[in-house]
Each structure stands twice: as C-alpha cells, then as structure tokens.
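So the sequence lines, in the order shown, correspond to chains D and W.
Here our numbering is used: the first residue of the first sequence is 3, the next is one more, and so on.
Here our numbering is used: the first residue of the second sequence is 3, the next is one more, and so on.
Protein chains: 2
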Amino acid sequence: MKNTLLVAVAALAIALPVTAPVSAQTETPAPSPNEIVNMAAPEEWIEIPAEDLLVMTLAPDADGNERTVVIQLMPAPFSQGWVHNIRLFARSGWYDGISVNRVQDNYVTQWGDPNYDNPEATGEAKPLPEGLKVMGEDEYVSSFRSALPDLETWQRALLNGMIAGGLAPADFAVSTGDWDERFLKDRYAYGTILARGWPLAISREQAIWPVHCYGIVGVGRNYSPDTGSGAELYTVIGHAPRHLDRNIALVGRVISGMEHLSSLPRGSGALGFYTEEEAHKRTPILSVRVAADLPEDERPLFEYLSTEGETFARYAEARANRRDPFFIVPAGGADICNIPVPVRTFEYAVEE
Amino acid sequence: MKNTLLVAVAALAIALPVTAPVSAQTETPAPSPNEIVNMAAPEEWIEIPAEDLLVMTLAPDADGNERTVVIQLMPAPFSQGWVHNIRLFARSGWYDGISVNRVQDNYVTQWGDPNYDNPEATGEAKPLPEGLKVMGEDEYVSSFRSALPDLETWQRALLNGMIAGGLAPADFAVSTGDWDERFLKDRYAYGTILARGWPLAISREQAIWPVHCYGIVGVGRNYSPDTGSGAELYTVIGHAPRHLDRNIALVGRVISGMEHLSSLPRGSGALGFYTEEEAHKRTPILSVRVAADLPEDERPLFEYLSTEGETFARYAEARANRRDPFFIVPAGGADICNIPVPVRTFEYAVEE
C-alpha cells in the first residue's frame, strides 16, 4: 500500500507543471499567494450549491450597519446528520430570534437559544423542532475511502499536504520511505491534507475528519455521550483549537462576514458566556436561511478554488515558502490552518 | 552531540515525577490543564520584573469602561535592541496620543502614529525621539547557547517540547535516534520548545527565535532592509502566522487586556487599516508606561509558571492529551501555540 501510493504520486509529481520559484536574482518579484490565486483559470473555481449556503442575519450594529454572515455547510461524507438538522432548524424558523451568547477570547463565538444549557440562563429553553436526527460519536470521523474514493483526488490531496509541509513535488518523487513523518508533519494526526475544498486530517487507520481552523463552524454539545443537535453552533475566533478535533461535529465554515462574529465583545462569565448583567451584549440573530430558499436574485453566490487544481498546489507552496517582497526568510512549511482555501463571490454572466 | 543529548534527557526523564494519566476506569476525573496549573507550588511561579512590563491605557470604550493592556517585554537574548527602543519610546512619552490604526481579521491589531507609513494617512508623521538603536536582520534570531546556556534548562525545554509533541518521557528515554522528527514535529522549524517562559523555535544550525503565537507583540517594519524601530507595534489576533517568524522582531506578549485589542472593529482599508472615512474607529492610546516608573502601589504584579518546573511538564502533557470530562479522544499532541504559558496576577503578602 505504502509503495503503491509513493509510485503513484511520484508519477503525478513529474506530470505537474508546478511553477519554479522566481529566484531572488531575477527582476520580477515572486507573486504572493493571493496573486497566484488571482491567476487561476475560471474552471478551477467551483460554485458552492445554494443548498450548502446558510445566510445568517444579525441585528444591525451600533451605527445601524447591516451584519450578514454566510456559512458554507460541509459536504458528504462529513457530519451529514448534523447538517440535515441545521437545514431543518433553518427551514422551520427555529434559529430566528436566537442570539450570540458566548464570546471567549482566542477560542469561540457561540450562538443558540440563550436559555439552553447556558450557565447564565434565566428563562425557559425553546422547544426543538420535530424530525431531528441523533448521531453517535463515531460520526465525528468518516472513512477515508468514502471521503476520497478516487485515486486522483487522493493524489492531489496528498500533494497539496506535502507542498504545504514545505517539500516540492520533486523531493517527494525521489523519496523511498517515511513519507508520513516527512511530508505530513502534524502534531494532532497522522497527517493533514487539503482535499475537496476542506482542511482534513487522517489517522493511520484511514479515518478522516475535518479540522478546527479559524472560522470553522461546529456543534455545541453537552458531556459525552451527547453529540449536540445543531441548535447550538460556534465558530473558532482564535488559534486553531485542534484538540477539539474528533471530539465535536464540524459542520461548515464562515465564508463571509466573519468579522461580525470575531470582533464581538468578549463575555465575562464562565467560558466567555455573557453574564445576566451583560445580557444586552448578546447579539440578536434575526434570521437564518438556506440560500436555496431565497428568491433567486437575493441568493449570495460563492465559489472556492479547487484544492485539486494546479493553482491550489502553487498557492499552498507559496503559503509555505513566502517569497513576495516583504519576506526575507521563507518558513519552509505551513500548518494546515495557515493555508485557508480561497473563497470568493461571483456573478453569473448576463447574456445580452 | 545528538547521542549526548539523548542520554542526558533520558536520565532526566527517569528522574522526573511526571504524573501518570488518570485512567478512564478510575473514579476521579482527570484534572484539566488549568486545574494542574492551580496545583503548582508557589516557587514555580516567577515574578515578571516591573522593568519588563508595559502598561498601555486605551481611551475608555463606548460605555465608558477603562481599557488597560499589559505587555510583558521579551527577556535577553531576544530582540533586546528593539526592547531598548520600546522602553525609550515609553519613557519619552512618544507613544502617548498614538492610536490603533489597523485591525485585520485573523491576523493583527497594529498601533502607532496614524500618519507614519499608513496607506490611509493624511497628516505628517511625528518626529522620533533621540537615542534609538538600529538593528540588523540577523538580530531576528539568537544563538541557542546564549538563550539556553545551561544544560538543565535545555533538557527541561526539550522535555516540554517533547511532551507537547505527544510523547511521554518514557518514550523518549528509550529512543535511540530521529529525536528531531519524532519529538519536535513542527512545520516551520527544526523543532519548537517552551523555555524560560516563552515559545521558541530552533533551526538545525542552533539558531533560536521566539514564535508568532496569539497575543505575541512584534515590531511593524517597512520592506527589507528596514527592521523597524518599535514605533509601530502589533499583536496577533488570529491563527498563529508562523510564516512571519524570523522575518520580524518579536518583543513581547499581551498578558492582560488582550480582549481590548482582539475585539476592535476590523478596518476596511488595505491590510485592515482604517480608511479616512472610518478614522473615528481608531482607538486612541492615552499613555504607555514602563511599570517600574509607576508609583509602587500602581504597579501591576504578574508572574508566570516556570517552563522548567514539574507542573509545566504536566500541564503541557495535559494540553496535548486532554482527559478532562468533556473530551472523548485525546489529540496525542499540541502545537507550540496551543500551550500558552500560564500568567497570573498576584499580590505581595502584607506583614501584620
């Protein structure tokens, strides 16, 4: 198995036209990671289905400015039971009128029913809608084969993880062993890869799971064996709390309006919950809609850069080895959460 | 050299009374990392000298609440030229009246003269004080021997890095090679260690440098060969931007009031600078003082948990392998920025 993979990826590496770094001696400055992304071919951008977009409208800020947060839900095979529940919560209107109740510095912003499982709660919890699924803890991880069934995707993912780890494809092609330790260095897992648009980690037993990077969205839960329903959600607003990986269901990521969640005042209660005295700091959530349910002209349109394309490989390599003018010493590598998958809005071309 | 180190640390590992993990079968829940810290012996806490504390007073917030930020300056041998300058800026009153001009989400909050090197500036820059030192880029790193001259400190640092990497001392004691790849896994450096109270990285050439974790304070600079004076400072408010390591001088860390910098509104200009239209969002900095210059009864008192003590080794191990009740799968490791060095306030005992 190990040798088969190595040979396969070596062949891929030879075929890949990854651009050689611009030497410091040449006159053209090396492109920044963002400049590389901007050079991607149109077909490398993948539209996010409207069914996978949640539009969360917060109450306007103190100056009266609108605050909209857009969340991309996670695709199969990850956390699909919770994703089902979240669409159900949104479609039943259950989320409308909840609030942001917890903001813990360098950790998470969490929203839900202020009276549910909140150490600072005073009222009664809102009844949950019918039709929710209940998931087991085994569903925090998926099977590698169901997540990346085709060889090409796995090769690309491995290549991107490898490049992010600071090695060029040529190095990998000549390697004959220890590919795990050398190419996928990670303190929390056997290895990490960027595949199907998401940062993922794998175990030696070929389990695979999404990881806690900045802006990821997870499901608040009580003590085990509770796994949470999706009524309580949080996003990461600090350094990646990777120790939560495999302990909580991850269901998506904030792709727009993150600043509306990360810059909220921190709560002074236990775990960063707002105390009763600071209940006025709880940000009301006016509504949460699945984009597919909005009128067509109100749907936000987003696309992400394919993690399986040539441009992503160049981008990951450039994130790991910054050569754009500000930098004097390239790092030689980048951790999985320091290679965010590029996401942007787009418009459909209007036919004349 | 390699074998000598291994033998030395192996001996240390045997001598170390690192507490065995509480098994899931026992009835007492395993202590959380914070609970372990709270059990530290008084002599494991090290007072931070008043000369190393900067007290930065921001203008009150919209509700009239005071906002004080305390920064611990970095000890020798790291970045001492810039630290000299920062004390000089503070003592000459130069920082008084500057402002927070840049808040870039998941990156940095930066403060300084709003008219210096700011793409959104409209006025004239403030003249710099006399007596500033000018440092070369070689001073972004230090020599390993000057940073950790004594064998015991190095052994403890290595042990703590190793434990954070997810291995117990016993594993290390029986190892006979490849200690670097196995014990100090890091994508940005040969290895990372926690020593003398700071997160540090090392190269194969035995250079050593502080790393960009959440809350670290660095020196804004222009393009190379400029290395910055200390007039512009920033702190990290997102995932560790480790690609900046060795590219910028790091001079300290925020040890109190971080939320006043991390929860500020993000700037909408280039690089997160506030545009001229949002100049009202710049938070005024009323004053910055070296704590040693304050009247004795106004000096803040802080101490940090020795990274060379037994408790820190247990704490780092517990951060890497969470067994407290919420967790169901311990991570097996932790990256250097996910093991923050505990810092707390204290009071001198009053003699009766």
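Glycine included, each C-beta is placed from N, C-alpha and C at the ideal position.
Quick one: what does DSSP say residue i is sitting in, helix, strand or coil?
i       : result
T313(W) : helix
R248(D) : coil
S148(W) : helix
P286(D) : strand
F91(D)  : helix
L153(W) : helix
V85(D)  : helix
E132(D) : coil
E45(D)  : helix
I338(D) : helix
G269(D) : coil
E278(D) : helix
Y142(W) : helix
A320(D) : helix
I76(W)  : The question names Ile, but residue 76(W) is Met in the sequence shown. Here M76(W) sits in coil by DSSP.
V352(D) : coil
M58(W)  : strand
S264(W) : helix
P212(W) : strand
V330(D) : First, the residue type needs correcting, since residue 330(D) is Ile and not Val in the sequence shown. It is coil, neither helix nor strand.
N103(W) : strand
P31(W)  : coil
G114(D) : strand
V343(W) : coil
R255(D) : strand
A127(W) : coil
I218(D) : strand
A203(D) : strand
G163(D) : helix
G179(D) : Bear in mind that a pLDDT of 42 at G179(D), under 50, signals an unreliable position, so the number given afterwards is only what the model happens to contain. Of the three classes helix, strand and coil, the one that applies to G179(D) here is coil, per DSSP.
I195(D) : strand
E298(D) : helix
E234(W) : coil
Within the same chain, show all residues whose beta-carbon is closer than 8 Å to that of residue i, passing over the 5 residues directly before and after it, in chain order.
i       : result
T309(W) : R158, A159, N162, L196, A197, R198, G199, W200 and V343
R324(W) : S34, P35, P332 and A333
N117(D) : A123, T124, G125, E126, A127 and K128
K283(D) : L266, P267, G269 and Y276
R93(W)  : V292 and D295
L150(W) : W156, A159, A197, R198 and I210
Tell me which residues share the same chain as residue i and place their Cβ nearer than 6 Å to its Cβ, disregarding the 5 neighbours each side in the sequence.
i       : result
T313(D) : A42 and E46
G335(W) : G167, G168 and A322
Q208(D) : F146
G220(W) : Y236, I250 and L252
T70(W)  : T59 and G259
Y317(D) : P35, I38 and V39
D98(D)  : S289
A320(W) : P35 and I38
Got a sec? Which residues, its chain only, sit under 7 Å from residue i by beta carbon, not counting five neighbours each side?
i       : result
W113(D) : I100, S101, V102, N103, L235 and I287
P327(W) : P31
V352(W) : none
E53(D)  : V292 and A294
T285(W) : L60, A61, S101, V102 and L266
What distance in whole Å lies between the Cβ atoms of residue j and residue i, which are believed to be in contact at a cut-off of 8 Å?
i       : j       : result
V72(W)  : S226(W) : Wrong, their Cβ atoms sit about 31 Å apart, outside the cutoff.
Y216(W) : N108(D) : 5 Å
T347(D) : L307(D) : Between L307(D) and T347(D) the Cβ distance is about 13 Å, and since that is not below 8 Å, they are no contact.
G232(D) : F329(D) : Not quite, the Cβ-Cβ distance comes to about 41 Å (not below 8 Å), so this is no contact.
E305(D) : I50(D)  : 6 Å
G369(D) : Q106(D) : Examination of residue 369(D) is not possible in this model, given that chain D is present from 3 through 354 alone.
G1(D)   : M76(D)  : Residue 1(D) falls outside the range modelled here, since chain D spans only 3 to 354, and no answer is possible.
D337(D) : D337(W) : 7 Å
R244(W) : V213(W) : 6 Å
L241(D) : H241(W) : For clarity, residue 241(D) is His in the given sequence; the question names Leu instead. H241(D) to H241(W), Cβ: 5 Å. Contact.
I239(W) : V345(W) : Contact doesn't hold; Cβ gap of about 18 Å is too wide.
T135(W) : N87(W)  : At residue 135(W) the sequence reads Lys, which differs from the Thr that was named. Confirmed, Cβ separation roughly 6 Å.
- Message: Any C-beta of chain D within less than 8 Å: which residues of the stretch 245 to 262 of chain W qualify?
- Response: Within the stretch 245 to 262 of chain W, H245, D247, R248, N249, M260 and E261 place their CB atoms closer than 8 Å to a CB of chain D, listed in sequence order.
- Message: I'd like to know if the stretch 135 to 142 of chain D and the stretch 73 to 88 of chain D are in contact, where contact means that at least 3 CB-CB pairs between them fall below 8 Å.
- Response: Result yes; three or more Cβ-Cβ pairs closer than 8 Å.
- Query: What residues in the stretch 134 to 156 of chain W bring their beta carbon closer than 7 Å to a beta carbon of chain D?
  - Reply: If the cut-off is 7 Å between Cβ atoms, the stretch 134 to 156 of chain W has E139 near chain D.
- In chain order, what residues of the stretch 53 to 87 of chain W put their CB closer than 9 Å to some CB of chain D? Listed in sequence order: D63 and A64.
- Give the residues from the stretch 325 to 349 of chain W that approach chain D closer than 9 Å (Cβ to any Cβ), ordered along the chain. For the stretch 325 to 349 of chain W, the set of residues with a beta-carbon nearer than 9 Å to any beta-carbon of chain D comprises P327, F328, F329, I330, V331, P332, A333, G334, G335, A336, D337, I338, C339, N340 and P342, in chain order.
- Message: Please list, in chain order, the residues of the stretch 108 to 119 of chain D that have any C-beta partner in chain W closer than 9 Å.
- Response: Listed by position, the residues of the stretch 108 to 119 of chain D near chain W (Cβ gap below 9 Å) are N108.
- Using a Cβ-Cβ cut-off of less than 7 Å, list which residues of the stretch 264 to 297 of chain W approach chain D; keep chain order. The stretch 264 to 297 of chain W vs chain D, Cβ under 7 Å: S264, S265, L266, P267 and R268.
- Query: Between the stretch 201 to 219 of chain W and chain D, which residues of the former have a C-beta closer than 8 Å to a C-beta of the latter?
  - Reply: Cβ contacts with chain D come from C215, Y216 and G217.
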